[in-house]
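Novice: Under this note's numbering, the sequence shown is numbered contiguously, ending at residue 675. For glycine and all other residues, C-beta sits at the position ideal for the given N, C-alpha and C. This structure is in structure tokens; I'll ask about it shortly.
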Amino acid sequence: MARFLVTYKRNLSALILCFCFLLFSGVLIYFMRQQKAILNQLKQPINIVEQTTKTPKPPSQLRWKSPLITNCHSADLRLRAHLLSMPLRIKQIEAHPTNFGLRLRKDLYSQRLNPNPTVIVLHETVYDLDSAVNTLLTPHPSDVDQVSYHTLVGRSGDIVQLVDPSFRAYGAGHSAFNGRWVFSNRNLSGSLNNFALHVSLETPRDGSHNLDVHSGYSPSQYDALARVLADWMVRYKIPATSITTHRYVDLGGARADPRSFAWSELQKRLTALQLVCN
Ligand SMILES: [Zn+2]
Numbered sequence: 398m399a400r401f402l403v404t405y406k407r408n409l410s411a412l413i414l415c416f417c418f419l420l421f422s423g424v425l426i427y428f429m430r431q432q433k434a435i436l437n438q439l440k441q442p443i444n445i446v447e448q449t450t451k452t453p454k455p456p457s458q459l460r461w462k463s464p465l466i467t468n469c470h471s472a473d474l475r476l477r478a479h480l481l482s483m484p485l486r487i488k489q490i491e492a493h494p495t496n497f498g499l500r501l502r503k504d505l506y507s508q509r510l511n512p513n514p515t516v517i518v519l520h521e522t523v524y525d526l527d528s529a530v531n532t533l534l535t536p537h538p539s540d541v542d543q544v545s546y547h548t549l550v551g552r553s554g555d556i557v558q559l560v561d562p563s564f565r566a567y568g569a570g571h572s573a574f575n576g577r578w579v580f581s582n583r584n585l586s587g588s589l590n591n592f593a594l595h596v597s598l599e600t601p602r603d604g605s606h607n608l609d610v611h612s613g614y615s616p617s618q619y620d621a622l623a624r625v626l627a628d629w630m631v632r633y634k635i636p637a638t639s640i641t642t643h644r645y646v647d648l649g650g651a652r653a654d655p656r657s658f659a660w661s662e663l664q665k666r667l668t669a670l671q672l673v674c675n
């Protein structure tokens, strides 16, 4: 009888252990599946229709006419080979956290927002690359001083990534694109930053002034810019017609950048990459 009881207890313990193991494994698998489902959901492009009924409308603005889709030429295959094979000189330096923020899914009026980037804004730095990097690394606790671009392109073709495209860079203040803007801060006007990607070209040395023109950008700069834009256009399905300038989106009329920008140089490169005019 005693032996029977010992065997019975052993079997019962083994059974309980086995049950606990199965239960633990089940719970673990459940949580792993849940986590995978959440991660998969985050990877999916978010296709949200924005609500705008409560949002004040931006001042009227002429629709953007893209210079990239006029006077098209056929693709230059040599240029294509060059652009695809050239080594990219990319530096990653994170801007100070006061100079960028999250892409919002609700605005100040509790209206639903699409946080995906849908427009690309071109800028220029006015001063040199180091000076622009320093500005973005400097803490700006006051909302009105905050400034940033996602990426800078130097005169020699260097690419400096400062704000990850999944975040909102503060490239434009009072601004809109084709009648669309977002209110994200009660101290500031509406702007396109929530749905924009900002890239700034290093101004040539003869452009550190506020006159209308300078000597323009280098071929290496247009090459590197085309690669940056190609990456964003493919990744976020942004058409060439949604590549615009700070001058166009600025509603205050004070911005003129990028000055002396040669759209034909960009068009030639994006055509070679089969992203426009095909
Ligand atoms: Zn600008």
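Sorry if obvious, but does the Cβ on aspartate 654 come closer than 7 Å to a heavy atom of ligand 1?
Specialist: yes
Novice: Is DSSP giving glycine 568 helix, strand or coil here?
Specialist: coil
Novice: At what residues does the alpha helix (DSSP H) containing valine 541 begin and finish?
Specialist: Here valine 541 belongs to no alpha helix (DSSP H), and DSSP marks it neither H nor E.
Novice: Kindly indicate which three-state DSSP category lysine 488 falls into: helix, strand or coil?
Specialist: strand
Novice: By a C-beta neighbour count over all protein chains shown, 10 Å radius and 16 as the cutoff for buried, is valine 610 buried or exposed?
Specialist: exposed
Novice: With a cut-off of 8 Å on the beta carbons, I'd call alanine 623 and valine 673 a contact; round off their distance for me.
Specialist: Contact flag wrong, Cβ pair sits at about 10 Å.
Novice: Here's a check: name, in chain order, each residue in its chain whose Cβ is nearer than 7 Å to the Cβ of proline 536, leaving out the five neighbours to either side.
Specialist: His493, Thr495
Novice: Could you tell me the distance, in whole angstroms, from the CA atom of leucine 481 to the CA atom of asparagine 591?
Specialist: One C-alpha to the other measures close to 30 Å.
Novice: Going by other Cβ atoms of all chains shown within 10 Å of its Cβ, with 16 needed for buried, is histidine 606 buried or exposed?
Specialist: Result: exposed.
Novice: If contacts are defined as beta-carbon pairs under 8 Å, then valine 557 and leucine 598 qualify, I think. What distance do you get, rounded to the angstrom?
Specialist: Going by Cβ atoms, the distance from valine 557 to leucine 598 rounds to 12 Å, so no, they are not a contact pair.
Novice: Taking only heavy atoms of ligand 1 into account, decide whether any of them is closer than 7 Å to the Cβ of histidine 606.
Specialist: no
Novice: In whole angstroms, give me the CA-to-CA distance for glutamate 662 and tyrosine 619.
Specialist: 7 Å
Novice: Going by the CB atoms, is the gap between arginine 486 and glycine 554 shorter than 8 Å?
Specialist: For glycine 554 and arginine 486, yes; Cβs fall inside 8 Å.
Novice: Does ligand 1 have a heavy atom nearer than 7 Å to the CB of histidine 643?
Specialist: yes
Novice: Can you check DSSP and say which residues form a bridge with phenylalanine 574?
Specialist: Beta bridge pairing from DSSP links phenylalanine 574 with Arg577.
Novice: Can you tell me whether DSSP reads alanine 593 as helix, strand or coil?
Specialist: strand
Novice: With DSSP as the reference, please indicate the residues paired to threonine 532 in a beta bridge.
Specialist: According to DSSP, which records beta bridges pairwise, threonine 532 is partnered with nothing at all.
Novice: Can you check whether the CB of phenylalanine 580 is closer than 8 Å to the CB of serine 545?
Specialist: In this structure, phenylalanine 580 does not lie closer than 8 Å to serine 545 by Cβ.
Novice: Is histidine 520 near ligand 1 - that is, is its Cβ less than 7 Å away from at least one heavy atom of it?
Specialist: yes
Novice: Threonine 515 and isoleucine 640: beta carbons closer than 8 Å?
Specialist: No; because the gap between Cβ atoms is not below 8 Å, this pair is not in contact.
Novice: Using only alpha-carbon positions, find the residue among Ser586, Arg656, Ala659, Gly604 that is nearest to threonine 452.
Specialist: Ser586
Novice: Looking only at its chain, what residues have a beta carbon closer than 6 Å to the beta carbon of phenylalanine 574, apart from the 5 residues adjacent to it on each side?
Specialist: Spatial neighbours of phenylalanine 574 in its own chain (CB-CB distance under 6 Å, excluding positions within 5 residues in sequence) are listed in chain order as Val516, Leu589, Val646.
Novice: Starting from threonine 668 and walking both ways along the alpha helix (DSSP H), at which residues does that stretch end?
Specialist: 660 to 669
Novice: Note down the Cα distance separating glutamine 431 from threonine 522, rounded to an integer number of angstroms.
Specialist: Because the pLDDT of glutamine 431 is 48, which lies under 50, any placement of that residue in the model is unreliable, and the number read from its coordinates should be weighed accordingly. If you take the alpha carbons of glutamine 431 and threonine 522, they lie about 45 Å apart.
Novice: For leucine 499, which residues in the same chain have their Cβ closer than 7 Å to its Cβ, ignoring the five residues on either side in sequence?
Specialist: Phe564, Arg565
Novice: Among His595, Lys665, Ser612, which residue has its Cα nearest to the Cα of histidine 520?
Specialist: Among His595, Lys665, Ser612, the Cα nearest to that of histidine 520 belongs to His595.
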